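In the working numbering, the protein residues as written are 404 to 527.
Note that the Cβ used here is the ideal one computed from N, Cα and C, for glycine as well.
Note that the structure is predicted; figures quoted are calculated from it, not measured.
Data block below; observations after.
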């Protein structure tokens, strides 16, 4: 979970960097679009129920890394983009499985199953 909050922080840094470092308008626009997407993924994937969502960083990370290169950004923009993009992609790699079991599908809706809370087992 902590790794996805770190990814969230990196994404916020991607959003702030264009204004703080004075990137070109096209690179700034790309970072202002991709940064919130990455931050949303990181914030949601920090919770066990949505842990699988972290794999979306495998798409957004390379997009952040390639955007300043393809849009003709200066050295600082390329450095920030490549470092942040690669970090997000690495944080999107599969990690530990969720700690609990969630859901139950339609059996829970129609009462044919037994509700369980996270971290409990079926043993009695």
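Alpha carbon to alpha carbon, how far is residue i from residue j?
{"i": "residue 409", "j": "residue 512", "result": "36 Å"}
{"i": "residue 411", "j": "residue 446", "result": "6 Å"}
{"i": "residue 527", "j": "residue 435", "result": "The predicted model places residue 527 with a pLDDT of 49, which falls under 50 and marks its position as unreliable; any figure quoted below should be read in that light. If I take the Cα positions, the gap works out to 52 Å."}
{"i": "residue 463", "j": "residue 425", "result": "22 Å"}
{"i": "residue 433", "j": "residue 451", "result": "30 Å"}
{"i": "residue 440", "j": "residue 491", "result": "12 Å"}
{"i": "residue 487", "j": "residue 454", "result": "20 Å"}
For residue i, I'd like the list of residues in its chain whose CB is within less than 6 Å of its CB, leaving aside the five on either flank, ordered along the chain.
{"i": "residue 438", "result": "414, 417, 418"}
Is it buried or exposed, residue i, if we count other Cβ atoms within 10 angstroms and call 16 or more buried?
{"i": "residue 405", "result": "exposed"}
{"i": "residue 444", "result": "buried"}
{"i": "residue 458", "result": "exposed"}
{"i": "residue 498", "result": "exposed"}
Taking the alpha helix (DSSP H) that residue i belongs to, which residues open and close that run?
{"i": "residue 462", "result": "460-473"}
{"i": "residue 494", "result": "478-494"}
Which residues in the same chain have their Cβ closer than 8 Å to the Cβ of residue i, if we skip the five residues on either side of it in sequence?
{"i": "residue 427", "result": "474, 475, 476, 477, 480"}
{"i": "residue 468", "result": "484, 485, 487, 488, 489, 492"}
- Which residue spans inside the stretch 406-469 form an unbroken alpha helix (DSSP H) run of at least 4? 428-448
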